Amino acid sequence: MRNLLPATEENIRRAAAIVKGGGVVAFPTETVYGLGADALNPKAVARIFEIKGRPRFDPLIVHVADLEDVGRLVKDVPEGARTLMERFWPGPLTLVLPKREIVPPITTAGLPTVAIRMPAHPVALKLIRYAGTPVAAPSANPFGYVSPTTARQVAETLGDRVDMILDAGKTPIGVESTIIMFSGGEVYLLRPGGLPVEEIERVLGRKVKPYRGKGVPAPGTLKKHYSPRTRVVILRDWGDYYRLRARYGRVLLVLPRPVHGIEGDVRSLSGTGDPKEVAANLFSTLYEADRLGYDVIAVMPVPEEGLGRAIMNRLRKAAAE
Ligand code: AMP
Ligand code: MG
0 MRNLLPATEE NIRRAAAIVK GGGVVAFPTE TVYGLGADAL NPKAVARIFE
50 IKGRPRFDPL IVHVADLEDV GRLVKDVPEG ARTLMERFWP GPLTLVLPKR
100 EIVPPITTAG LPTVAIRMPA HPVALKLIRY AGTPVAAPSA NPFGYVSPTT
150 ARQVAETLGD RVDMILDAGK TPIGVESTII MFSGGEVYLL RPGGLPVEEI
200 ERVLGRKVKP YRGKGVPAPG TLKKHYSPRT RVVILRDWGD YYRLRARYGR
250 VLLVLPRPVH GIEGDVRSLS GTGDPKEVAA NLFSTLYEAD RLGYDVIAVM
300 PVPEEGLGRA IMNRLRKAAA E
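Residue numbering for the sequence shown follows this note's numbering, starting at 0 and increasing by one per position.
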């Protein structure tokens with residue numbers, strides 16, 4: 000793969016030049032690998048949608064490297080949003096705010112708002128700074144498929160369709176950003192992610208509401224997403240596992256932590272059940288299981304709190320029919 004290159008200073012500069020020139024590059028963030036283009040160039044953004052096979056109604060997240068860039072893109076930053084930026088950026092938090100004219104409709108799928116975040120990854124930050132423009136970037140995978148946490152996964156699924164893939168190893172967080180929307184004086188959660196919503200509530204001193212409104216097209220709101228081709232089943236108990244084993248030939252059991260004395264093929268997502276480790280290994284385990292040709296991937300759930308919310312959200316979408 001000619002386009003898969005280590006994220007050296009020189010290659011980051013080359014990637015930035017590609018972005019500036021209207022091209023599309025895959026790059027690491029702290030969450031997952033992104034597929035980036037100049038967010039202000041409609042033709043470049045159109046290529047992201049083409050490469051991913053992503054429907055045009057699904058808006059992109061715009062990545063910035065400096066707080067000053069936000070003012071160019073959005074009209075008004077509510078006080079709460081400002082507080083979150085100061086506290087959690089760079090980091091896995093995306094904020095949806097009213098957009099300015101400069102952001103083209105294709106980037107936001109025609110919405111009057113734009114989703115913005117500052118990634119906490121040195122390669123991503125350099126790429127954005129060197130390109131000198133905000134970078135629109137969804138995950139670097141075919142639409143609906145498991146998100147990539149390694150450059151190899153990007154190369155295997157998108158290959159030569161991308162102008163360059165910057166490799167900086169495995170992404171540390173492993174699930175996408177938490178998406179928050181400020182609207183009409185309320186704060187809504189659009190998608191649980193790498194930043195636990197409890198931390199956001201603590202800093203804001205108020206509850207974040209689940210978003211139930213219409214008109215926000217999102218993988219966050221699509222029922223099936225983030226899924227391998229292999230069927231995923233979330234287990235309710237051990238009985239479920241043994242029933243699956245009786246019914247199917249090849250079952251891969253995926254556990255949050257090691258359990259002794261279990262028969263069959265087993266993967267543990269962490270050594271101790273630490274949700275950070277579970278999240279970091281989740282997508283790569285689903286991806287590898289898919290390649291190994293199992294009939295079913297059977298997953299034991301984790302408690303729905305903190306990072307566990309994002310983990311269970313991704314698992315449910317992967318398991319949706
Ligand atoms: P990703 O798939 O990680 O690139 O995240 C993109 C998601 O961010 C979209 O599918 C939406 O859920 C959300 N999003 C992006 N822009 C907006 C917006 N303007 N309003 C609401 N949600 C948005
Ligand atoms: Mg995605």
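Think of the CB as a built atom: it goes at the ideal place given N, C-alpha and C, for glycine as much as any other residue.
The structure presented is a predicted model; accordingly, all values stated were derived computationally and were not measured.
Rounded straight-line distance, which links the Cα of residue 266 to that of residue 303: Residue 303 and residue 266: Cα-Cα distance of roughly 21 Å.
Beta carbon of residue 66 nearer than 9 Å to that of residue 101: Contact check for residue 66 against residue 101 fails: the beta carbons are separated by 9 Å or more.
Heavy atom of ligand 1 within 8 Å of residue 29 beta-carbon: No; taking the cut-off as 8 Å, the Cβ of residue 29 has no heavy atom of ligand 1 nearer than that.
Rounded straight-line distance, which links the Cα of residue 92 to that of residue 284: The alpha-carbon separation between residue 284 and residue 92 amounts to approximately 24 Å.
Cβ pair count under 8 Å reaching 3, the stretch 288 to 303 against the stretch 222 to 234: These segments touch.
Residue 2 and residue 261 closer than 9 Å at C-beta: Contact flag unset, no.
Residue 140 CB to nearest heavy atom of ligand 2 below 8 Å: Checking every heavy atom of ligand 2 against the Cβ of residue 140, one is found closer than 8 Å.
Given residue 94 as reference, the closest of 273, 121, 131 and 58 once Cα atoms are compared: The shortest Cα separation from residue 94 among 273, 121, 131 and 58 belongs to 58.
Contact belief for residue 6 with residue 27 at Cβ below 8 Å, rounded distance in angstroms: So it is a contact: roughly 7 Å between Cβ atoms.
Option in 96, 269, 243 and 210 with minimal Cα separation from residue 173: Checking every option, the nearest Cα to that of residue 173 belongs to 269.
Cross-strand partners of residue 162 (DSSP beta bridge): In the DSSP output, where bridge partners are listed per residue, residue 162 has none listed.
Local conformation of residue 26 per DSSP, three classes: It is a strand residue.
Residue 269 beta carbon near ligand 2 (any heavy atom closer than 8 Å): No, ligand 2 has no heavy atom inside 8 Å of this Cβ.
Start-to-end residues for the alpha helix (DSSP H) that takes in residue 11: It spans 8 to 19 - the alpha helix (DSSP H) in which residue 11 sits, taken as one unbroken run.
Cβ shell of residue 140 (< 6 Å), same chain only, five flanking positions each side left out: When the five nearest sequence neighbours on each side are left out, the beta carbons in the same chain lying within less than 6 Å of the beta carbon of residue 140 are those of 146, 147 and 156, in order along the chain.
Residue 250 (DSSP reduced to helix, strand or coil): The answer is strand: DSSP assigns residue 250 an E or B state.
Where residue 245 falls: helix, strand or coil (DSSP): Secondary structure at residue 245: helix, using DSSP grouped into helix, strand and coil.
Distance between beta carbons of residue 234 and residue 277, contact taken as under 8 Å: Actually they are not in contact, since the Cβ atoms of residue 277 and residue 234 sit about 15 Å apart, beyond 8 Å.
Member of 134, 252 and 76 whose CA lies at the smallest distance from the CA of residue 107: Residue 107 has its Cα closest to that of 134, out of 134, 252 and 76.
Close-in-space but distant-in-sequence residues of the same chain around residue 218 (CB under 6 Å, 5 per side omitted): Low confidence applies to residue 218: its pLDDT is 49, below 50, so where it sits in the model is not reliable, and the reading given next is rough at best. 224, listed in sequence order.
Alpha-carbon to alpha-carbon, residue 242 and residue 121: CA-CA distance, residue 121 to residue 242, rounds to 46 Å.
Residues near residue 77 by beta carbon distance below 6 Å, same chain, minus five either side: So the list reads 181, once near-sequence residues are dropped.
Identity of the residues DSSP links to residue 239 by a beta bridge: Paired residue(s): none; residue 239 is not in a bridge.
Residue 180: first and last residue of the uninterrupted beta strand (DSSP E) it sits in: Following the DSSP letters along the chain, one finds residue 180 inside the beta strand (DSSP E) bounded by residues 177 to 182.
Rounded separation between residue 154 and residue 237 - CA only: Each residue's alpha carbon lies about 37 Å from the other.
Residue range of the unbroken beta strand (DSSP E) whose run includes residue 188: Run containing residue 188: 185 to 190, per the beta strand (DSSP E) assignment.
Delimiting residues of the alpha helix (DSSP H) encompassing residue 229: According to the DSSP assignment, residue 229 belongs to no alpha helix (DSSP H), since it is labelled neither H nor E.
In DSSP terms, what residue 73 is bridged to: Per DSSP, 98.
Among 127, 10 and 75, nearest to residue 64 - alpha-carbon criterion: Residue nearest to residue 64 within the set 127, 10 and 75 is 127 (criterion: CA-CA distance).
Nearest-angstrom Cβ-Cβ length linking residue 38 and residue 129, presumed shorter than 8 Å: Going by Cβ atoms, the distance from residue 38 to residue 129 rounds to 15 Å, so no, they are not a contact pair.
Buried or exposed (CB count within 10 angstroms, at least 16 for buried), residue 206: Residue 206 comes out exposed.
CB contact flag (residue 113, residue 25, <9 Å): Taking 9 Å as the Cβ cut-off, residue 113 and residue 25 do not qualify as a contacting pair.
Nearest residue (CA-CA) to residue 20, options 11, 8, 40 and 4: When each option's Cα is compared against that of residue 20, the closest is 40.
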